[in-house]
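First the structure, in the form of structure tokens, and then the observations on it.
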Amino acid sequence: MRRYSGHVALTVVLIASGLTGCSSGNRVAESIAKPTVSSSPSPTVPPSAVIGPDGASVEITLSKMRVTATAPAGVSDPGVPLTISGGPEATGKPFAAAMAASAPASITLGSGLQPKQPIELRFDLSADPELAGAFSDSVKPVIHSGSGADGSVIDLIPATWDPATRTVSATTDHLSFFQVVAADLGKVVDTIRGVLLPGTNSGPACAGGSRLTVGSISYTLSASRPDAPVTGCLSGPGDGGVGVDFANNSSQFYGITSSPPGAFTNPTPLNSNDQLAVWLFGDKNGLLTPRAGGRLALPAGTTSATINADVNPVALQLNSILTGLGMLGVDGDQLVAVFQNSRSAWDCALTAMNALQLPKDAYQARDQYGGVAQCLLAGIGAAGGPISGAAGADPKYLGDVVHRTGVALSLVTTLPDQFFANIAGAIGEVTGNNHLQFTLNGQGPTAPARSTGTLQLSVFHSRTNPGDTGVELAPNHFQLSKTKHDGTFWVDLGLRWKTDDGKGLFSYCTEQTKVLDSGGGVVLERKQRLATCDGGGGWDFQLTKPGTYTYVVDLQGEPSGSAHGEQQFTVDP
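In this note's numbering, each number is its position in the sequence shown, counted from 1, plus 8.
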């Protein structure tokens, strides 16, 4: 597997790790008509030169193009041959944005060695007016390369176009086949704008309704904007809770949060663009992807909830860039593998993307890309190098993906300001239903009517003991016994209370009963929990001293509410 030196690590290149990885679902199909690129027959004996003290240089002409490879001193051990020949036959465009391409050239060092020093490549297109005339402000040169005869490991190398000499130059520290490609970046920008601007394709329909009964609770879901592109329906997840199924008919990403918090799930499988966005932005609760659905499951026992759906325009911007870069041959599934297997890449991209703000103009857009690149430089390392912290995949392979993606994005960042203004302008047109709110209300079975009356307290002669136990002279007026019991005169009394209308005050309540003497001292204290709370008491006790007393009842309702009642009574000697 090849490695890359730092000189190809353009600052803008590294942003690709945080902003790239085009999905197969959104990528422009590469099954368009592909012109066959033919090369002139290579010489019977390919040009070759032996590495000497000053290096070596070899040259070949392939189909109107003269290719020169110059190796510096120290590129390899002296005496090792440097050979150039025609590369594998190119049967079509290397990627969708390729406007034109040269014949491929193959360069080898010895029997498959890789150079110790970078090798300079020069492609003279003076005799190829079609390819040389393709380059402009929006059509840029890039070198399409790869490892192995079949080109199974694809790479891109930055290149420079000199219109005066009509040559393309590049530097490489790995050897393989090399093909000059004219990349139509204006087409890439058009694709990015197409993702940002509202589309006409419809998304899924909401299958449920706004009313649902789970157990004994009847739920109703209402939306702040019934005509919004995001709709919600109620569903029963089967665990006693309630779920809300969302359908998004827009090109926007919506962040979903709720109170109380719930568990948000996306449908599977997601395309790689959406999957990457969900990983980056779905950490707080959930991310509803464009023209797709999702479910929020609320905890069992939830009777009310507020659910917010807020547009995440940065996720939309990410999706647009991924889609555009897909036209430059960046495979979104491969970039997903980078984030799956590299913690440093994941942490850095997450930090950078969550701090990202939408650019207001072309200058902000360009500066923003460079800022993210600096973050990724610290998180990943030199462009194209092995990614640290990788697990479950070859770190060199992950580095290949980052490098290829980085070069693709570096091409986009070389565009004139008007192209960045087009992107910023499209982002500015992303308006509309940026904040939506759904309200869930649940109601249990209708409770019986509550009492609105007061407490009626009664004190009576209970006669709980045999013999002389005192006497009731009048309501709330008593007299101690005439005979002693265990050397003491007393009166047997009972305490009761009820509501004056016979209805309950609460579903449940706690009764606190006290009997106070004339000085406020507590002579009796009882406590009990009651259902319905339409009556209580039931306490029997004895008083042995004459005087004026007060019977006090306090009720504490569940979950709230209270009631209070008092009744004064007298005991004579």
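Cβ coordinates follow ideal geometry from the N, Cα and C atoms, glycine included. Because the structure is a prediction, the values reported are computed rather than measured.
Contacts around residue i, its chain only, beta-carbon distance under 6 Å, and the 5 residues preceding and following it disregarded
i    : result
G251 : S243, P245, R303 and A305
W169 : F143, P149 and V176
P554 : V579, D580 and P581
T76  : E67 and R130
G63  : A79, P80, A81 and V83
C588 : The structure shown does not extend to residue 588, since the chain is modelled only from 9 to 581, so the question has no answer here.
V222 : G244 and V250
T611 : It is not possible to answer for residue 611, since the shown part of the chain is limited to 9 through 581.
F468 : G502
T491 : D476
E128 : T78 and T179
E480 : H469 and F486
Whole-angstrom distance between residue j and residue i, CA atom to CA atom
i    : j    : result
I115 : S184 : 6 Å
T199 : M335 : 9 Å
S218 : P166 : 55 Å
Q283 : G301 : 13 Å
A323 : R299 : 14 Å
V561 : D548 : 15 Å
A596 : L295 : With the chain covering 9 to 581 only, the question about residue 596 has no answer from this structure.
L117 : S153 : 16 Å
H493 : F486 : 17 Å
P394 : R174 : Low local confidence applies: a pLDDT of 43 at P394 is under 50, so the model's placement there is unreliable, with the coordinate-based value given in what follows. Going by the C-alpha atoms only, they are around 35 Å apart.
V189 : A317 : 44 Å
V147 : L220 : 57 Å
A470 : G450 : Here residue 470 turns out to be Ser, not Ala, going by the sequence shown. Going by the C-alpha atoms only, they are around 48 Å apart.
Q564 : G528 : 22 Å
L229 : T310 : 13 Å
A399 : L330 : Any reading at A399 is ruled out, since the residue's pLDDT is 41, under 50, leaving its predicted position unreliable.
T462 : D508 : 6 Å
I92  : P277 : 45 Å
L193 : L133 : 21 Å
S226 : S312 : 11 Å
P96  : P137 : 23 Å
S466 : A482 : 12 Å
E566 : G544 : 16 Å
P102 : L139 : 15 Å
H443 : L326 : 20 Å
S65  : V53  : 16 Å
P171 : D145 : 12 Å
I162 : F186 : 11 Å
Q533 : N274 : Here residue 533 is Glu; the residue named in the question, Gln, does not match the sequence. Using only the alpha carbons, I get a separation of about 59 Å.
L164 : A231 : 49 Å
P474 : N484 : 22 Å
Assumed close pair residue i, residue j - CB separation to whole angstroms, cut-off 8 Å
i    : j    : result
C498 : T552 : Looking at the sequence itself, residue 498 is Trp, so the reference to Cys does not match. Indeed, because the Cβ distance is near 5 Å, the residues count as touching under 8 Å.
R504 : G573 : Not a contact, Cβ separation roughly 11 Å.
Q464 : K511 : Not quite, the Cβ-Cβ distance comes to about 13 Å (not below 8 Å), so this is no contact.
M73  : A191 : Incorrect: roughly 17 Å between the Cβ atoms, too far for contact.
T477 : S489 : 6 Å
P234 : S258 : Actually they are not in contact, since the Cβ atoms of P234 and S258 sit about 15 Å apart, beyond 8 Å.
N293 : F261 : So it is not a contact: roughly 13 Å between Cβ atoms.
T297 : A308 : At roughly 27 Å, the Cβ-Cβ gap does not stay under 8 Å, so T297 and A308 are not in contact.
L70  : A98  : Contact doesn't hold; Cβ gap of about 11 Å is too wide.
A178 : I151 : 5 Å
Q576 : D500 : Q576 to D500, Cβ: 19 Å. No contact.
Own chain, CB closer than 8 Å to residue i, minus 5 neighbours either side, in chain order
i    : result
T314 : S266, S267, Q445, F446, T447 and L448
V530 : K522, V523 and L524
S570 : D562, L563 and Q564
F289 : F261, G263, L295, N320, V322, A323, M361 and N362
S39  : Summary for S39: the model assigns pLDDT 28, below 50, so the residue's position carries little reliability; its value from the coordinates is reported in the next sentence. Once the five neighbours on either side are set aside, S39 has no close Cβ partner at all.
Nonlocal neighbours in the same chain, by C-beta distance under 7 Å from residue i, ignoring five residues either side
i    : result
S13  : Its pLDDT being 35, under 50, S13 is placed unreliably by the model, and the measurement read from it follows with that caveat. The answer, listed in chain order, is P126 and D181.
Q520 : K535 and D562
V196 : A105, G332, M335, L336 and V420
G141 : none
T496 : T552
K124 : G82, V83 and S84
Next item on the list: Please go through the segment 81-159 and give each complete beta strand (DSSP E) segment of 3 or more residues, from N-terminal end onward.
Entry: Those beta strand (DSSP E) runs which fall completely within the segment 81-159 and span 3+ residues are 89-94, 106-109, 113-117, 127-132 and 147-155.
Next item on the list: Inspect the CB distances between the segment 510-522 and the segment 540-549 and report whether three or more fall short of 8 Å.
Entry: Three or more beta-carbon pairs separated by less than 8 Å link the segment 510-522 to the segment 540-549, which places the two stretches in contact.
Margin query: Could you check whether the segment 59-68 touches the segment 85-94, counting it as contact only if at least three pairs of C-beta atoms, one from each stretch, sit closer than 8 Å?
Written below: yes
Check: Curious, which full-length beta strand (DSSP E) runs of at least 3 residues does the segment 503-545 contain?
Finding: 516-524 and 530-539
Next item on the list: Kindly provide the ranges of any alpha helix (DSSP H) runs that are 4 or more residues long and lie completely inside the segment 227-297, ordered along the chain.
Entry: 280-289
Notebook entry, point to check: Mind pulling the beta strand (DSSP E) runs of 3 or more residues that sit fully within the segment 304-335?
Noted result: 312-319
Notebook entry, point to check: Can you list, in chain order, the stretches of the beta strand (DSSP E) that have 3 or more residues and sit fully within the segment 55-83?
Noted result: 56-58, 64-70 and 73-79
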